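All residue numbers for the sequence shown refer to the numbering used here, where the first residue is 286 and numbers rise by one. Virtual Cβ for every residue (Gly too), placed ideally from N, Cα, C. Computed from a predicted structure; not experimentally measured. In what follows, a single structure is set out as structure tokens and then discussed.
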Amino acid sequence: MKILFIGDIVGNLGLKAVSEYLPYLKDKNQFDFIIANAENSAPNGRGITKQAVSVLTNIGVNTLTMGNHTWDHDDIYEIIDKKNYNIIRPANYPTALPGRSYITVKLGNKNVTVINLCGQTFMDSFNCPFAAIDDLLAKIPKDHYIIVDFHAEATSEKIAMGRYLAGKVSAVFGTHTHVQTSDAQLIKEHTGYITDVGMTGCRSGVIGMEAEAVLKRFRLKIPVKINVDSNSSSWQFSAVIIELAKGSTSAREIKSIYEVS
Numbered sequence: 286m287k288i289l290f291i292g293d294i295v296g297n298l299g300l301k302a303v304s305e306y307l308p309y310l311k312d313k314n315q316f317d318f319i320i321a322n323a324e325n326s327a328p329n330g331r332g333i334t335k336q337a338v339s340v341l342t343n344i345g346v347n348t349l350t351m352g353n354h355t356w357d358h359d360d361i362y363e364i365i366d367k368k369n370y371n372i373i374r375p376a377n378y379p380t381a382l383p384g385r386s387y388i389t390v391k392l393g394n395k396n397v398t399v400i401n402l403c404g405q406t407f408m409d410s411f412n413c414p415f416a417a418i419d420d421l422l423a424k425i426p427k428d429h430y431i432i433v434d435f436h437a438e439a440t441s442e443k444i445a446m447g448r449y450l451a452g453k454v455s456a457v458f459g460t461h462t463h464v465q466t467s468d469a470q471l472i473k474e475h476t477g478y479i480t481d482v483g484m485t486g487c488r489s490g491v492i493g494m495e496a497e498a499v500l501k502r503f504r505l506k507i508p509v510k511i512n513v514d515s516n517s518s519s520w521q522f523s524a525v526i527i528e529l530a531k532g533s534t535s536a537r538e539i540k541s542i543y544e545v546s
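Below, the structure written as structure tokens:
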């Protein structure tokens with residue numbers, strides 16, 4: 286089984302990158318399942334909109350994961366519980382909040398379960414992601430392929446999660462920093478892992494945002510409104526491809542993708 290995971294899609298240019306590059310990638314690879322982190326896919330880079338969901342699902346993305354910007358756009362409250370949209374939010378948010386923290390999809394004679402988590406280090410106040418994943422794994426059948434999107438800031442926390450889940454899940458994909466790392470690997474010859482998948486969006490800005498505004502904030506130490514860089518037409522597409530073994534729940538191969546327009 287071959288699965289594609291697309292890194293943080295940022296703004297309209299991120300949606301354009303997916304629309305332009307994903308059809309080529311699908312023709313070349315014949316994916317069984319496609320996942321994308323879409324928590325930055327709103328025009329301002331914060332949250333998700335109904336329009337973004339429509340673009341991504343129509344182009345062939347099967348499941349959308351979120352992160353610390355889950356609730357930043359009002360559209361989320363209309364769409365997060367609609368099962369045909371297949372949106373999941375971090376499992377370690379308070380349980381009283383709407384939305385699903387994982388989703389299971391039947392593909393042939395196999396089940397693929399996708400789980401979303403947020404880190405705690407340098408992030409908002411989330412519940413413990415390690416305890417949250419323990420609770421979920423106790424409920425999910427062990428013969429499922431399990432894919433975890435760990436949306437976290439600290440590389441150490443993501444690496445720790447990869448080690449913690451080695452042998453327990455099929456893959457752990459780090460998201461959030463928007464910078465792809467070069468450590469795609471198999472841990473314990475079972476779990477596909479990368480510290481950060483990277484960003485899909487504007488190539489010429491700073492992690493998808495306007496460079497001048499970011500530089501002003503760094504240099505002058507004053508509050509500056511930072512917007513998605515919408516003046517550029519040059520995009521980057523960051524993702525990973527993971528191949529899963531037929532006779533087990535382990536990963537056979539993982540490789541990163543970084544393409545630019």
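Taking the C-beta atoms as reference points, A524 is found nearer than 8 Å to L289. No Cβ-Cβ contact shorter than 8 Å links N412 with T350.
By alpha-carbon distance to I444, the top candidate from D420, G477, K427 is G477. At the C-beta level, T460 and H436 come within 8 Å of one another. Proximity to T389 across I361, Y430, A530, W356 peaks at Y430, based on C-alpha coordinates.
CA-CA distance, S489 to A417, rounds to 37 Å. The DSSP assignment places 387 to 392, 395 to 403 as complete runs of the beta strand (DSSP E) inside the stretch 362 to 413, in order along the chain (cut-off: 3 residues). Between the stretch 515 to 522 and the stretch 484 to 502 there are three or more inter-stretch CB-CB distances shorter than 8 Å, so the stretches are counted as touching.
In this structure, G483 places its C-beta atom within 8 Å of the C-beta atom of G292.
With 16 or more other Cβ atoms inside 10 Å of its own Cβ, S455 counts as buried.
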